[in-house]
Structures are given as structure tokens and as C-alpha cells.
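See below for the structure under consideration.
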Amino acid sequence: MSATSRLGTVVALTAVMLVTLPAHALARQTIKLDARFQPDRPGSDTTIVVGFRISTPRGDLPSPLIGIDLLLPAGTFDVQNTLGSRTCDPRTLEEAGPSECPANAVMGHGSAVVGVPFGPQTLYEQTRLTLLMLPLTGGHTTVAFYAEGIAPLITQLVFPGRLLGSSGRFGSRLETTIPLVSGLPEAPDVALVNLQATIGPKGLTYYKHAHGKVIPYSPKGFIVPSRCPAGGFPFAMSFIFEDGVAEFVHTVAPCPRSRRG
Amino acid sequence: VSIGRTAVLLAGLVIASLASLAGPARAEGSFGVTSFSLSYGSTQAGAHADLTTGFKLDTNPSGEPYGQLKDAQVDLPSGFVGNPLSVPRCTASEFELFACQPAAQIGVLRIQFYVENAPPEPVSLPVYNLTPIGNHLATFAASFLFVKIAMSVDMSQDGRYRIEVSLRDLTTLLPIAGSSITIWAVPASPTHDRERSRTQTGGPQPIYGPPNESGEREVIGYEPTPAGVSATPLLTNSTDCSSSSPTGTLSVDSWQAPGLYVSMTATVPPPTGCTQLRIAPSIAVTPDTSQRDTPAGYDINMSYPLDEAPYDLATPALRNAVFTLPSGTSFSPGMTIGLVACSDGQFAANECPNASKVGSAIVTSPLLPDQLTGTINIGTPTPSARYRVFVSASADNVAFHLSGVAHLDPLTGQVTVTFDEAPQLPFDALHLQLFGGAGAAFANPLACGPATTTAQLLSYGGQTASTTSTFTVDADGHGGTCSQITPFSPGFSAGTISPVAGAASPLELSVSRGDGQQNLSALTVQLPPGLLAMLSQVPLCEEPLSCSQASRIGSITLGAGAGSEPLELSGGVYLTGPYEGAPFGLSIVIPAIAGPFDLGTITVRAQIVIDPGDLHLTIASDPLPQIIAGIPIRLRTIDLSIDRTGFIVTPTSCPPRAIDGTLTSAQGTSVPVSTPFQILGCPWLPFAPKLAAFTRARARRRGNGASLTIQVSAPAGAFADIASVAVTLPDTLRPRLATTQQACLARTLPSDPSSCPDASRVGTATVRTPALTSKLAGSVYLVYRGGDALPELDMVLQGGGVAVRLDGTLGVSKKGATSAAFRALPDVPISSFELQLPEGGHSLLGATANVCAKAGDVRYTIVAQNGDRARGAERIAVTGCPKGAATRAAARRRSSGPSAGGPPPRRAIMRARR
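In C-alpha cells form, the structure reads like this:
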């Protein structure tokens, strides 16, 4: 299945769910999405900054997310291909964490808050996110989201994302599957409440060997589309929840001030 | 002075006066008996047949005996009986005056005196029934000139009840060469009218024929001399046709060798025709109280009518009697209090000790002028007969001995008393009165209603008869109606002698049951939490049980039997190893010595179940024996004292509690019982626990996580026990989600966490308590019961067969502090408690920082059973840190100040708060 047809399928499924799910389910959570390029100058090497927050009307935990797809504006390229110039072995990542992975595999950082139902209470676990390049899967660039928290519980969670091709209004798509986990057996699953992440060279230091020396350098990231569409760069994200609800949220990153000016 | 002695005296005078004429008798041969004969007029059993017996002494050719007869005694065959009371008696004075009436004649004595050169013609003399001389049953006598010949009739004392006819100190004036005597069976019978003497000195009145050629008139007959009284039987043949060869014995001695008896026996044909005999007995059994479940005196009256018609066959004598008392009537254990047994020798000698007496006996015989009165005694047990009953009665120099054996049904206790081989002394009434009162031999049935005694009787003639007697058991002895359901409301009390908290004290327990209530069968007692048995102090009695004093932990006394004075049986209580699935048990051993009866040993086993939750003890007995050696023990009281020094220790918490129990009756009714239990002085118990914590330098966030060991200890002695322990971990150690996910779901562990998957096994724990020899150890499982429950740290610790369930909770505060709490710990002294949460794939904890640099403190609150609290913080000791790491870390803490490096290490800070 091509990336285009896959995207079509996701959109179609989302539409079906929106039609078929009851109203109260649809209204259960509110998602606020924020995404942008940083820097946002067209054609520049950039870092994608994306974040979302899921809230519910009564302040309780939302249904756990089982999948998110991040749709980037059309024309967003990673052709320079220096981000994630090395890959991290998934097993190493599982067992030892990102510190044992090559520094050149790191593609971004971030944080997330997950709600962990833990007996009579919900623990809100602050986790630190590290995005790492994994070996290709099915010919697709694969990214690992490594989330690690130490308070109030010590948690590690790895979930993969695949970078897929462009389609229509949007360009590349990062399709992420989030495994369901629970804090206690048969307890409600851990729910992602908010997430902030960067994908790109910002804050990254890579290393290379040259002339027998280890030389640090900053990797190249995505390329901001050469033209900012009217209304700004469109970003979208689809959210699929454990309870079957799917949400499709889009946002627009304003065009660079210089261009508008 | 007997007639015989009078006769001898008179004979002596004759000898003195004629000595010069006759001279002393000479004896050239040896004194002896030539012949001895014995015959009856009929062999029909029970017939009243004349008896004829005679003898001749050895003589020289001239007919002179080899010695002068001094004494002679004839022992008649067993079963041959006489009734001298049926015949008119002649008084001694009448006899001396030769004035006995014809009605008193009972036969004819033919005696042959030796008179030199005289033909050996016997002299016929009428024999009269005299008023007995001395203590003899009867005295028969005949007279010849001045010579009186008295025959004393007695009954042998050898248990064979043979009639003995003896002649003592016979005359020397006229040496006796032989004699025969015929005793009429029915003296007044007209058939003897022509043999009956009209006067004592005359003999039958002859009828003379016409003068012969020489003018002499021959006696052609005798005039009838009627007795003038109605005919009644004097003699009765034996009614025992089973005797193959009845014998009689003659024993004689001479004046020349007094006391040197010569004997000869004579055999008579056995009785025949026993099938023609008849018996018609009846019994009446009456208790002195009809109240149920009460010691009662029993009157057993047996009527045994005798046919005394002169020409009928006599009633055969009773041979065997089997009395089966009512179902439910049993031996009363109270009877044995102070009871001693009568030996066979004592019984035979009529010298049974008074303390062996359980009743009185009266025997009525038409043969005897007076009733035979006596006692019922308990005989010395023998290997084949534990319960023996001796009935002895005497009167008129007649001793009646009846030996019986009581068979007690081993399952029901029903009493069957068998008397075999009763003396062939015809009696028409036997009254056995067994005493009542607290020491009664019998106790009434527990159940109300008719109570029937059955007597199975067998005569010597082979006749059998069954007869019954019924009385009604009631509620109160006055006809009160019994409730349909027998009540069961036993009393129960228990407690320690000392009410002081945390102290050693004997434990005493009493159970009681009133008369008329269902019998106790089983006992289960649940001690309150904290009332401990220091099981480690006692060497266990091992299987097979033969417990030594070292295993003894107390004593027990059972009160057995109905009535106001139950029999007390005492024994020991011994601690055993595992029993019936419980880790410990009791062996209660009670020697059942009841008076003269060694009933064996009562052994009752009991489980000691230790509750896995709060370690309270439950003692559950096996069914108590209801019957021992056939005696229903009708358990009335149980007094148990666990008094081994230091074995029982009181709780260290003082809320009102109870010692609960369940008492079960033999009928299966169970009633709960309870007695309040509260001890005092808990607030004064000191409390001094200590806590220490350890981890290892390789503690990590991921992988194998971090270990943590927490040790809690308490001093030995009279301290308050620990009720709960709560610890809060430092930020450096936190639970791992990867492990909490693997918690064991509660549905898999109703009681046994060991069924949880290995992934939920997060550690081990070890407890040492002075109460147990073995340490308790086991795995710690992370358990989740679902819903809003906190995950738990549950463990089943085992050792020495004891299993203890300890449940803790694992909490995480919203601020991230991890805590663990073990609440509701059993009120047990704990020498040490160690919880180990090791590293590993399923490590519960992980480290959030380098523990060598900063391990942090465990904050704790330990609450005592008496409410005291010990709070503090204990720095986690880290093992395996590289050298200098701690120093460097300390230096960093010092340089960064307390706010950056955390509080300085400190020992536990304990504050008591009540």
C-alpha cells in the first residue's frame, strides 16, 4: 500500500468513526494541537515543533491514545538525510535506554505527561521524550519515541513511528502507534495527556570522525517548504483513542513574518 | 448344749458304770468303712423321693469294728435339698423326755451295735425333726435307751451347697458296726403311717397274728399311725439332669484316732425327667428415682415361685440369670469414688470390705426360717471379667454366694449382668437393692420414656424363661414431661490467671454440663489474638505418641458421671507436632482409673491451628470419648489448665476481647460459647523497635532495578509488640511501572499468593519470633485487588508448619513519595523482620539517582500494639559503592549544604506518644 492510499485509508476511517460514534463519545475530550517550524523560513533547515494537549470536560483522564499521525505541510522534505544518520538497535533501546544508542541516532527531544491510573488515584507521570532513528522497517524511515519518567513511578515506554510519503495538501506523515500499557493489571490504561516534542536538529549534537578525531556537528533537519501557503503552513494530526474515538485535528503555523511582510 | 453332746455325756456315764463289765474296745485291724450306700426312691428330677443311706464299718471276723466310731458325716449330692421347716419339729426338751410327736418323725434309723456274742441285728429307731441345735439348719435325732443320736444338718460352705449330715461324738457304750437311715421325702405322707412310731420309744404299733404252736404271736403288720398334719415335702431330688454321676460321701473317724477321717463315696443315678419341670419367674425393677440422667438406686426383685405340693415335681432351682438393664441405664462413674474391690477370698469368707459394697441383697427360701440378708459387692477385676458382682447373703448358718459378671456394651454401655451357677438352694425371691444417691451403681438413661429390664433365666432343669419389667424415665423424677429435644446449654469459662499484659500466665478453661443435657462431644476454643503459646519452648511429643514430661504443658481434669459427685479423672496435656493438618497438636492423656477399675488410658488429640492472619490459636479437639470400657462417661466438666511456666503469654494490647468456643454435643448440636477476656497494663509496656535499611550500589533505574532491604527488630522481654510498620522511601527509590504492571490479580489468590505468577514475586520476607522455633520465611508478591485498591505487598511466610499471611500496601503519593505499610500485624513478639526487595527483572524498585551519592532516608512509623509509636528516619546503607564514593558524596553534601544534600545521617528518632 502506498503512502497516499494509506493516508486515504486513515482519513476514511476517521470519517467513518466520526459518523458512527455517539455524540457523547465524540465530545469526551478536547485536543489542542500546536505545530510549527523552527525556524520557519522557507527552504531553511528546520526543526518541527509539535505539541498537543488532551483535556476532558470533567478533568479526568482521557481515553488512552493508541495512535497518532502527524501530517506535515506539503513540501516538507528530509532530503538532506543527516538527521538520524545512525540508527539505534531497538533491543538496546528497550533494555538500556537512549544513553546506549549512538548520539547520531537522536532525532529530537520532548516531554510528555501521562496519567497512570494507580489504584485509588491517578498519578501524573512526567516523562522525558527522546526520538531516535531505528533501522528501516518495510523500507520506511522508522522513528522510536522513547519516553522515560522517574516520578512518581519509574517508567520507560518505547513506541515506533513511521515516516511516510506525502499526499495532497500535506506532505510527509509520521504515523505512530502507541501501545496500551497499564500501571496495574486490568486497570485502565495509561493515558497520554500532553506531549511536546521537537523533530530536528535543534539542540542536537552529532559526532563524526575525521582525521582520527571526533568532531561534533549539528545535523541537518527538515527543509521548510519553499512557499508558505495562504493562511500558513498546515499541520494536522489524527488521534485514535482506545475507546474507538478518532479525532482529526489540524492547525496552521503562520507564514514567516518576513514573507507576509 | 447339743443333744449330741448330751448323748455323749450319757454314754460316758454308761461307760463308766459298765467299764468293769465290757472293758475297753479292742482294735486288731485298722478302722475303716466296708460299705457305703446311697439311694433315692426315685430318680425323677424334682421328685420328693425318700433317701436311704447306710454304711458298715470294717470288723474283725467276730463282727467287732476296728475302732469305735466317733464322728460320721454324709455329704449328699449337690442339688438334693431338704426343707426341715415343712415338718413339725420336736423341741429338745420333748426329745429328752421322749415325748416327740409322730408328726415330727421324718424317717427311720437302723443302727447296728456290736454286742459280743450277740447276733448282728440292727435296731430301728424313729428319727425326729428337732428344733435345730446351735446354728445348724436342722437337727435330726433318734434315741436308744439313754443313747441319743443327733444328726446335724448343714449346708456345705464349699460353694457346692451340698447337704451335710453329721453325727458327732457318738456313743462308746455300744460300739456301732453299721447304720442305715431312711429319710422320708414327705414325712406326713400316709404311706409312712405304718412305719411311723406312735411314741418316741415305741416304734410302730405292731399287729399281732394269732398265737402259734408255742403260744407266741407273730407281728403280722403294724397299725397305721397318721402324722396328723398335712403332707409337705421334706426332701426334693436334684433338678439337674446334667450331672452325670452324682456322688455322696461318707467320712468317719474313730475314738482311737480322732480327726483321722476315712472316706468312701457312693454314686447315685443321675436325675431324670427334667423336661417335666416348670418355672414361672418374674421380675420387678424399680429405680429410686425416675429422673433421667441421674444416679439411681435400682431395686431388682425377682420372684421365683416354688412348687411345694408334696406330690408334684418341685420347681427346678435357678441356675443362670441374665439381667439386661434398660437401654441407657449405665454404670455410673460416681460409683467408683472410694470404691474398692472385694477379692475372691474375701467374698468366700464373707469378709468383703465395706467400701466394695454397692447394694444389699435379700434371699428368701422356704427351706430357711429366716431371710438371707447380705450385700452386693464389686469383685476384684480379672483379666476375663472386669466388672464382677458378688452377692452374698446369709442366715441360719447358711451363706448364699452368687457371683456375677457385668458385661457393658462397648458402644452403648448397656449393662447385662450374668449370674451363672447359682446355688441349688431353692429360693422363691431374690431382692437386689443397688444403692442410690451420688455413688449409685447405675445412672438412669438420658432419654425419657419407658425403660425395660429383661431377665433371661435358666433353671438347672434346663427350663428357660424371659421376663421383663418396665419403668418410665421422666424429667424430674415426679413424672415431669421431657422436652422433645434434649437441651444443650453447657457452661464455659476461660481466662488467664494473670491479667497483666505481656506476661506469662497459666491459661485455664472450664466447661460444664448439667444433668439431663446432651453429652459433650467436642470442644473448639479460639483464643484471642495476642494470647500466645510459646511453642518454641517445648520439645514436641513425636509420633507415635509416648509423651514425656518434657512435652507436658498442662493438666486436665474430667468430671464424669451424672449426679452431684462426678468421678474426677486427671491427666496431662502434651504438646505434639503436626496433627490433622495443623502445625501443632495436643495429646491429652488421662489414665482412667476408676476405683478398682483400670479402664485404660483416655487419649484425646486436638489440633492447634494458627490463624495465618493474626496468629490467634484455635484448639479443636477430636471427638471426646463417650464411653470407656463400656461405661458412658457422661462428661460433666472439663477443667483444663495450661500451666507450664512461661508457655502462655498474654497480649500486649488491651481492648476487650473474648475467648470464644464451640461446644458440640454427642447428638451433633453445636453451641457457641464465649467468655470476656481483657488484660490490663498495656500502657506501661515499653516499646523499643529498631529499623535499618540497605540497598546496593548497582541500583539502576532500568534493567535490574534497585534492591531494598528493611529490617525491623525488637528487644526480647516484656515489651509491647509491633502493630504496624509504615515506611516512606526516599526519592531515590521508586516503584517501577514495568513491575507494577505484573501485579498478581487478587482473584488468583484467595489465600495463597504463591499461586501468583513469578512476575509478581517482588521479594522475600523473614520473621523470627520467640514463639516459634522455626523462622517464618516466604515470598512477597505484589498484589492488586482491582478498582480503587492500592496495590499490596502480600506474603505468606512459612516455617515449621506455620503459615502466616501478612498484607501490606504500596502507596505512591501525588508528590511522588513511595510508601509501604504493614498494618494489623499480629500481636506477637518479633525478634526480627526482614523484607528484601531484590534487584532483578521483576524488581519492584528502581533508583532515580546514584545511590552511592545519595541513598536517602527511610522514614518510618512503627506503632505498638499498645498504641505507642516510634517514628524516625534511617539512612539507607549502601553496600558495594566504590571506595571513596561515599566520602565524595559526603563531601558534596557538606559543600552544598543541607538543602542540596539532604539531611545528615541520623539514627532512629523515636518518640512515644500515647
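Chains as they are written, first to last, in the working numbering: chain A, 1 to 261; chain B, 1001 to 1914. Ideal Cβ placement from N, Cα and C applies to all residues, glycine included.
The three-state secondary structure of D1299/B, taken from DSSP, is strand. Going by C-alpha positions, Q1742/B is about 11 Å away from A187/A. Flagged as an interface residue toward chain B: G119/A, by a C-beta distance shorter than 7 Å. Comparing C-alpha distances from Y207/A to each of S63/A, L83/A, F235/A and V143/A shows the shortest one belongs to L83/A. Rounded to whole angstroms, the separation of the alpha carbons of A1738/B and P219/A is 34 Å. E1351/B sits in coil when the DSSP states are folded into three classes, being neither helix nor strand. The segment 1042-1050 of chain B makes contact with the segment 1184-1198 of chain B: 3 or more CB pairs, one atom from each, lie closer than 8 Å. Counting the other CB atoms within 10 Å of its CB gives Y1208/B a total below 16, which places it among the exposed residues. When C-beta atoms of the segment 1365-1381 of chain B are compared with those of the segment 1078-1096 of chain B, three or more pairs fall below 8 Å, so the two segments count as touching.
The closest CA to that of E125/A, considering only H109/A, P73/A and A191/A, is found on A191/A. Annotated as proximal: Y1574/B and C1547/B, with beta-carbon spacing under 7 Å. The continuous stretches of alpha helix (DSSP H) do not include E1568/B, which lies in the beta strand (DSSP E) extending over residues L1567 to T1576. Segment contact: the segment 1802-1813 of chain B against the segment 1662-1677 of chain B, fewer than three CB-CB distances shorter than 8 Å; contact not assigned. Taking all protein chains in view, the Cβ of V1108/B is crowded by 16 or more other Cβ atoms within 10 Å, so the residue is classified as buried. Residue state for D1169/B is assigned as coil, using DSSP reduced to three classes. Legend: CB atoms of the segment 132-163 of chain A lying less than 7 Å from CB atoms of chain B belong to residues I150, A151, P152, L153, I154, T155 and Q156.
Closest in alpha carbon position to D1643/B, among S1498/B, G1067/B, V1727/B and C1881/B, is S1498/B. For the segment 90-109 of chain A, residues whose beta-carbon sits nearer than 8 Å to a beta-carbon of chain B comprise E95, A96 and G97. Restricted to the segment 1772-1855 of chain B, not a single alpha helix (DSSP H) segment is unbroken, complete and at least 4 residues in length.
Burial check for F1442/B: the Cβ neighbour count within 10 Å reaches 16 or more, so the residue is buried. For K1854/B, there are no C-beta contacts with chain A under 7 Å, since the nearest C-beta of that chain is about 14 Å from it. Between C1090/B and L1130/B, the C-beta gap is smaller than 7 Å, which places the two residues in contact. The segment 1390-1405 of chain B and the segment 1592-1607 of chain B do not touch, with fewer than three beta-carbon pairs separated by less than 8 Å. In this structure, DSSP gives F1584/B an extended state, which the three-state scheme calls strand. By the neighbour-count criterion, in which a residue is buried when 16 or more other Cβ atoms sit within 10 angstroms of its Cβ, T205/A is exposed. Uninterrupted beta strand (DSSP E) stretches at least 3 residues long and entirely within the segment 1682-1749 of chain B occur at 1690-1696, 1708-1713, 1722-1728 and 1733-1735, given in chain order.
DSSP lists L70/A and V249/A as the bridge partner or partners of M237/A.
Taking 7 Å as the threshold, the shortest C-beta distance from D1515/B to chain A does not fall below it.
As computed with DSSP, A1142/B is found in a beta bridge with I1149/B.
Within the segment 180-208 of chain A, those residues whose Cβ lies closer than 9 Å to any Cβ of chain B are, in chain order, V181, S182, G183, L184, P185, E186, A187 and V190. Contact fails between the segment 1703-1717 of chain B and the segment 1526-1540 of chain B, because fewer than three Cβ pairs, one in each stretch, are under 8 Å apart. Taking S1469/B as the centre and dropping the five residues before and after it, the same chain places the C-beta of I1283, A1284, V1285 and T1453 closer than 6 Å to its C-beta, in chain order. If you check the CB distance, V1322/B and T1418/B come in under 7 Å. For a Cβ distance threshold of 9 Å, residue set G119, P120 and Q121 of chain A lies close to D1788/B, ordered along the chain. Within the segment 1032-1058 of chain B, complete beta strand (DSSP E) segments of at least 3 residues are found at 1033-1040 and 1051-1057, given in chain order. Note that the C-beta distance between V1074/B and L1250/B is below 7 Å.
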